[in-house]
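Enquirer: Can you read through this structure? Questions will come right after.
2 protein chains.
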Amino acid sequence: MGGHFGDRLAAAVREKGVVCVGLDPRVALIPPVVVADRVEPSVDARVRSAIADFHRVVIDAVADLVPVVKLQLAFYEQYGVAGMEAFRDTVAAACDAGLLVIADGKRNDVPSTAEAYARAFLQPGAERGEELPAAFEVDALTVNPFLGRDSVEPFVEQAVGAGKGAFVLVKTSNPGSGDLQDLVLADGRPLYAAVAELTASLGAPFVGASGYAPVGAVVGCTHPEAAAEVRALLPHAMLLVVGYGAQAGDALGASRCFQPGMGGAIVNASRSVTYDAPRAGTLAELRASIRGNVERMAADLEAAAATSVS
Amino acid sequence: MGGHFGDRLAAAVREKGVVCVGLDPRVALIPPVVVADRVEPSVDARVRSAIADFHRVVIDAVADLVPVVKLQLAFYEQYGVAGMEAFRDTVAAACDAGLLVIADGKRNDVPSTAEAYARAFLQPGAERGEELPAAFEVDALTVNPFLGRDSVEPFVEQAVGAGKGAFVLVKTSNPGSGDLQDLVLADGRPLYAAVAELTASLGAPFVGASGYAPVGAVVGCTHPEAAAEVRALLPHAMLLVVGYGAQAGDALGASRCFQPGMGGAIVNASRSVTYDAPRAGTLAELRASIRGNVERMAADLEAAAATSVS
C-alpha cells in the first residue's frame with residue numbers, strides 16, 4: 009500500500025469516479041447462483057465461503073468502475089470468527105483487484121485502547137513481525153469521535169505513519185443522528201460543527217499534495233443542508249458520503265458533498281448496488297446487474313452534480 | 009443465562025461486591041509462567057492459547073471475589089482471528105466460572121447495522137439456529153451513543169429480549185473526554201447530561217424488581233464531579249465505572265458513583281489487577297497476587313464509600 013492516503017484516494021477518484029461499493033454480508037440475501045452445489049464441512053466454512061465468494065463476484069464486477077470498497081464490520085462480526093475470516097478474504101480480494109479498502113467499524117476508545125484498535129486495522133502486517141498474528145489490515149477505518157481528540161489521535165498517528173486514513177463521523181445518515189449531533193451549543197453551533205472543526209484540526213498538519221488530508225469525514229446525504237455545511241467546514245477532507253440508496257439519500261443530497269469537478273467525496277451504496285440483482289440466473293448476469301447498478305448510480309450523481317453547479 | 013440483566017447484575021453485586029476485573033490481553037505482558045514450555049504449531053495458536061490460558065488463571069483466581077469481568081474487544085481484535093478465538097475461549101471460561109461477562113466494544117451504527125452488532129454480541133446462540141455460526145455472545149455490551157436514540161435502540165431491544173444488557177457511554181475516563189462530552193449546550197447543560205437523559209429514557213420501560221434497568225451507563229471515576237452528576241441523573245442505571253488504577257482514577261472518585269450501601273455500580277480495573285504480579289514464579293503465586301490486588305481494591309473502595317457517606 010504505502011504513500012499518502014489522501015493523495016491515493018484523490019488519485020483513485022480522479023481515475024475511476026466517486027462511487028464506493030459497500031460490502032455488507034447478509035447471508036440470506038446472497039444470490040443462490042453464488043453458492044450453488046457447494047458442499048462444505050461445517051456451518052463456519054459454508055458461511056465464510058459464501059460471503060467471500062459473493063464478494064469476489066462483486067469485486068470482479070466493479071473493480072474497473074470504482075476506486076474503493078467499504079466493508080461494514082458489524083455484518084462480518086454477526087457471523088463470528090467465520091465472518092471475520094470472510095472479512096480478511098474480502099479485503100485480500102479487493103486489494104488484489106487494485107481497490108482501496110475502508111473498514112467501517114466506527115471504533116473509538118480511550119487512548120491506550122484506541123491504539124489497539126489502530127493496530128488491529130491500520131498497522132501494516134510487515135511491521136508486526138513474526139511474533140504476532142495478522143490482524144485486519146485495511147487502508148482506512150471509520151472512527152467515532154465521542155471520546156474526544158485524544159481518542160482519535162492514535163488512529164491518525166497510526167494512519168499517517170503507514171500511508172493509511174481515518175474517516176471521523178461528523179453527521180451520520182440515520183433519522184436519529186440529530187438527537188446528539190444537532191444539539192445546539194452555547195455558542196450557537198450544532199455539535200456536528202464542533203466535530204467538523206476537531207476533524208479539520210486533526211488532519212491539518214498532514215494535508216498532502218492533492219490538497220486532502222488522511223483524515224476524512226463521514227457525512228450522511230440524507231441531511232443535505234448539514235452536509236453542505238460540513239463540506240464548507242472541511243475543505244481538505246475527503247468525505248465518505250453515506251445513506252445513499254437503501255437509506256433514502258439521493259444524488260442531489262450527495263451532490264452537496266462535492267467540491268467543484270466532483271472532487272473531495274466518495275459516495276457509498278451497499279444494498280442498492282450489491283443485492284439488487286433480481287433476475288441473475290448466472291454469475292455473468294449477476295455481475296452485469298451489479299455493474300448496471302454502479303453505472304446508473306454514477307450517472308445519477310454526475311447529473312445531480314451538473315444540476316447543482318448550474 | 010436468562011432473566012433480567014439489571015436484576016442479575018444487582019444480585020451478583022450484592023453477593024460478591026463491586027469489583028469488575030478487566031481482561032485486556034497484551035501478549036507481551038503475560039507472565040512467563042503461564043506460557044512456559046508450551047509448543048504450538050503456529051503464531052495464531054500460540055497467541056490464542058497464551059491469552060486464553062492467562063485469562064483462565066485470572067478467572068480461577070477471582071471467580072469467588074467478583075461478580076463480573078469486562079473484556080476489552082480492541083485488545084482481542086489487535087490479534088486478528090486468533091484474538092477473537094481467544095475472546096470466545098475467555099467468555100466460555102468466565103461463564104463456566106459463574107461470572108457475568110461484559111464486552112467493552114463501544115459499538116454503534118445506524119439502526120440496521122446496529123442490529124447486526126446486537127446479533128453479534130447479544131443474541132443467544134440457541135436463537136440463531138443451526139444455519140448460522142456462533143458469534144460472540146456475552147451478557148452485556150458497551151454502546152457509544154453518538155448516533156442517537158435509534159442507533160442505541162436495537163441494542164436495548166435485543167438485550168431486553170434476551171435477558172442481557174447494554175452500557176451506554178455517558179462520561180468517559182480519558183483526559184480528552186471533555187472535548188465533546190463537556191460542551192455546554194444552549195440550555196446550559198453539558199452534553200453528557202443530555203446523554204444521561206437519553207440513557208435513562210431508554211432504560212425506563214424496563215426497570216426490574218431490583219430497581220435497575222438493563223440499560224446501564226459508562227462513567228469515568230477520573231472526573232468525580234461529573235460522575236456524581238451522572239449518578240444523580242440515572243437512579244435506575246447500573247454504572248460501569250472505568251478509569252480506576254492505571255488511568256489514575258481512585259476509590260474516592262469511584263465512590264461518587266455508588267448509591268447508599270455501595271449499590272448501583274461496578275468498578276472496573278484491568279492492568280492494575282491482572283498485570284501487577286511482579287514476583288509470580290508459579291501459577292499459585294500469580295493467582296495469589298491477582299487475588300491480593302482485587303482484595304486491596306475492594307477494601308479501598310469500601311473505605312472510600314464509608315468516608316464519603318460520613
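Sequence order for the protein chains is A and B. Numbered per our numbering, the first sequence finishes at 318, counting up by one with no gaps. Numbered per our numbering, the second sequence finishes at 318, counting up by one with no gaps. From the three backbone atoms N, C-alpha and C, an ideal C-beta is built for every residue, glycine too. Because the structure is a prediction, the values reported are computed rather than measured.
1. At what residue ranges does the segment 232–272 of chain B contain a whole run of the alpha helix (DSSP H), taking only runs of 4 or more?
2. Hey, could you find the ends of the alpha helix (DSSP H) A:L130 is sitting in?
3. Can you tell me whether B:E293 sits near the ligand HEM, meaning its C-beta is under 6 Å from at least one heavy atom of the ligand?
4. Determine the closest residue to A:A202 out of A:F266, A:K179, A:L260 and A:F144, with distance taken between C-alpha atoms.
5. Which residue spans inside the segment 164–230 of chain A form an unbroken alpha helix (DSSP H) run of at least 4?
6. By alpha-carbon positions, which one of B:G269, B:M92 and B:V47 ends up nearest to B:I59?
7. Is there contact between the segment 125–133 of chain B and the segment 117–132 of chain A, where contact requires at least three CB pairs shorter than 8 Å?
8. Flag this pair as yes or no: are the beta carbons of B:D117 and A:G184 separated by less than 7 Å?
9. Can the beta-carbon of A:P222 be found less than 7 Å from the beta-carbon of A:F13?
10. With a threshold of 16 other CB atoms inside 10 Å of the CB of B:A307, please say whether the residue is buried or exposed.
11. In the DSSP assignment, find the alpha helix (DSSP H) that holds B:Y17 and state where it starts and stops.
12. Excluding the five sequence neighbours on either side, which residues of its own chain have a C-beta within less than 6 Å of the C-beta of B:R64, listed in chain order?
13. When you compare each of B:V77, B:D72, B:Q267 and B:L193 to B:V99 by their alpha carbons, which one comes out closest?
14. Would a C-beta distance cut-off of 7 Å place B:G226 and B:A204 closer than the cut-off?
15. Measuring alpha carbon to alpha carbon, tell me which of B:A296, B:V275 and B:R295 ends up nearest B:A312.
16. Establish whether the CB of A:M9 and some CB of chain B are separated by less than 7 Å.
17. Can you tell me whether DSSP reads B:T315 as helix, strand or coil?
18. Does the separation of the CB atoms of A:L291 and A:A285 fall below 7 Å?
19. According to DSSP, is A:I110 helix, strand or coil?
20. Excluding the 5 residues flanking A:V43 on each side, which residues of the same chain have their C-beta closer than 6 Å to its C-beta?
21. Classify A:S318 as buried or exposed, calling it buried when 16 or more other Cβ atoms lie within 10 Å of its own Cβ.
22. Would you verify that the beta carbon of B:V42 is, or is not, closer than 7 Å to some beta carbon of chain A?
23. Let me confirm a value: B:A174 is counted as buried when at least 16 other C-beta atoms fall within 10 Å, else exposed. Which label applies?
24. Give the straight-line distance between the Cα atoms of A:A314 and A:R279, rounded to the nearest whole angstrom.
25. Is the shortest distance between the beta-carbon of B:V89 and the beta-carbons of chain A less than 7 Å?
26. Relative to the alpha-carbon of A:A142, which residue among B:A122, B:D190 and B:V89 has its alpha-carbon at the smallest distance?
27. For B:L242 versus B:A273, is the C-beta spacing smaller than 7 Å?
28. May I have the straight-line CA-CA distance separating B:L31 from B:R96, to the nearest angstrom?
29. Could you name the residues of the same chain whose beta carbon sits closer than 8 Å to that of B:V74, not counting the 5 residues immediately before and after it, in chain order?
30. What is the rounded straight-line gap between the Cα of A:M9 and the Cα of A:L81?
31. Apart from the five residues on each side of it in sequence, which residues of its chain come closer than 7 Å, Cβ to Cβ, to A:V249?
32. Could you name the residues of the segment 132–143 of chain A whose beta carbon sits closer than 8 Å to any beta carbon of chain B, in the order they occur along the chain?
33. For A:Q86, which of B:D45, B:V70, B:S120 and B:C103 has the nearest alpha-carbon?
34. Determine, for B:L193, whether the minimum Cβ-Cβ distance to residues of chain A falls below 7 Å.
35. Using 7 Å as the limit for Cβ to Cβ distance, is A:T207 near chain B?
36. Rounding to the nearest angstrom, what Cα-Cα distance links B:A208 and A:R136 in this structure?
Expert: Put simply:
1. 232–241 and 259–263
2. In the first sequence, residue 130 of chain A corresponds to position 122, counting from 1. Looking at the DSSP string, the run of the alpha helix (DSSP H) that includes A:L130 is P119 to L130.
3. As for the ligand HEM, it is missing from this structure, which has no ligand bound.
4. Walking along the first sequence from the start, residue 202 of chain A turns up at place 194. Among A:F266, A:K179, A:L260 and A:F144, the Cα nearest to that of A:A202 is on A:K179.
5. 186–189 and 199–211
6. For this step, residue 59 of chain B is matched to residue 51 along the second sequence. Answer by Cα proximity: B:M92.
7. no
8. Position 109 of the second sequence, counting from 1, holds the residue named residue 117 of chain B. Position 176 of the first sequence, counting from 1, holds the residue named residue 184 of chain A. No; because the gap between Cβ atoms is not below 7 Å, this pair is not in contact.
9. Numbered from its first residue, the first sequence carries residue 222 of chain A at position 214. Numbered from its first residue, the first sequence carries residue 13 of chain A at position 5. Their beta carbons are under 7 Å apart, which means A:P222 touches A:F13 by this criterion.
10. For this step, residue 307 of chain B is matched to residue 299 along the second sequence. B:A307 comes out exposed.
11. For this step, residue 17 of chain B is matched to residue 9 along the second sequence. Reading off the sequence, residue 17 of chain B comes out as Leu, not Tyr. Run containing B:L17: F13 to K24, per the alpha helix (DSSP H) assignment.
12. Start at 1 with the first residue of the second sequence, and residue 64 of chain B comes out as number 56. Result list for B:R64: A101, in chain order.
13. As a working note, residue 99 of chain B is residue 91 in the second sequence. The option with the nearest alpha carbon to B:V99 is B:V77.
14. Numbered from 1 along the second sequence, position 218 holds the residue referred to as residue 226 of chain B. Numbered from 1 along the second sequence, position 196 holds the residue referred to as residue 204 of chain B. According to the sequence as given, residue 226 of chain B is Val; it is not Gly. No, the pair does not count as a contact, with Cβ atoms beyond the cut-off.
15. Working through the second sequence from its first residue, we reach residue 312 of chain B at position 304. Per the Cα distances, B:V275.
16. Counting from 1 along the first sequence, the entry for residue 9 of chain A is found at position 1. Bear in mind that the predicted position of A:M9 carries a pLDDT of just 48, short of 50, making it too unreliable to give a figure here.
17. Mapped onto the second sequence, residue 315 of chain B falls at position 307. B:T315: helix per DSSP, three-state reduction.
18. Position 283 of the first sequence, counted from the start, is the residue given in the question as residue 291 of chain A. Position 277 of the first sequence, counted from the start, is the residue given in the question as residue 285 of chain A. Contact: no.
19. Residue mapping note: residue 110 of chain A aligns to position 102 of the first sequence, counting from 1. Strand at A:I110.
20. In the first sequence, counting from the first residue as 1, residue 43 of chain A sits at position 35. Taken in chain order, the residues that qualify are A58.
21. On the first sequence, residue 318 of chain A is found 310 positions in, with the first residue counted as 1. Low confidence applies to A:S318: its pLDDT is 48, below 50, so where it sits in the model is not reliable enough to give any reading.
22. On the second sequence, position 34 is the one that residue 42 of chain B refers to. B:V42 does not count as touching chain A.
23. What you label residue 174 of chain B is simply residue 166 of the second sequence in a count that begins at 1. Buried, because 16 or more other Cβ atoms sit within 10 Å of the Cβ of B:A174.
24. Looking up residue 314 of chain A in the first sequence gives position 306. Looking up residue 279 of chain A in the first sequence gives position 271. Looking at the two C-alpha atoms, the distance is approximately 26 Å.
25. Against the second sequence, residue 89 of chain B aligns to sequence position 81. Yes - at least one Cβ of chain A is within 7 Å of the one on B:V89.
26. On the first sequence, residue 142 of chain A is found 134 positions in, with the first residue counted as 1. Nearest option by C-alpha distance: B:V89.
27. On the second sequence, position 234 is the one that residue 242 of chain B refers to. On the second sequence, position 265 is the one that residue 273 of chain B refers to. Result no, Cβ atoms of B:L242 and B:A273 do not sit closer than 7 Å.
28. Residue mapping note: residue 31 of chain B aligns to position 23 of the second sequence, counting from 1. Residue mapping note: residue 96 of chain B aligns to position 88 of the second sequence, counting from 1. Their Cα atoms are separated by approximately 12 Å.
29. Taking the second sequence and counting its residues from 1, the one referred to as residue 74 of chain B is at position 66. These residues qualify, in order along the chain: K24, G25, V27, C28, V29, L107 and V302.
30. Working through the first sequence from its first residue, we reach residue 9 of chain A at position 1. Working through the first sequence from its first residue, we reach residue 81 of chain A at position 73. At A:M9 the pLDDT is 48, less than 50, meaning the model places this residue with poor confidence; the figure from the coordinates comes in the next sentence. Taking the straight line joining both Cα atoms gives about 21 Å.
31. Looking up residue 249 of chain A in the first sequence gives position 241. Closer than 7 Å at Cβ, skipping near neighbours: V227, C229, A262, C265, A273, I274, V275 and N276.
32. E138, E139, L140, P141, A142 and A143
33. Translated into positions along the first sequence, residue 86 of chain A becomes position 78. Ranking the options by Cα distance to A:Q86, first place goes to B:S120.
34. Taking the second sequence and counting its residues from 1, one reaches residue 193 of chain B at position 185. It does: the Cβ of B:L193 has a partner Cβ on chain A nearer than 7 Å.
35. Reading the first sequence from its first residue, position 199 is the one you call residue 207 of chain A. Not one chain B Cβ lies under 7 Å of A:T207.
36. On the second sequence, position 200 is the one that residue 208 of chain B refers to. On the first sequence, position 128 is the one that residue 136 of chain A refers to. Taking the straight line joining both Cα atoms gives about 43 Å.
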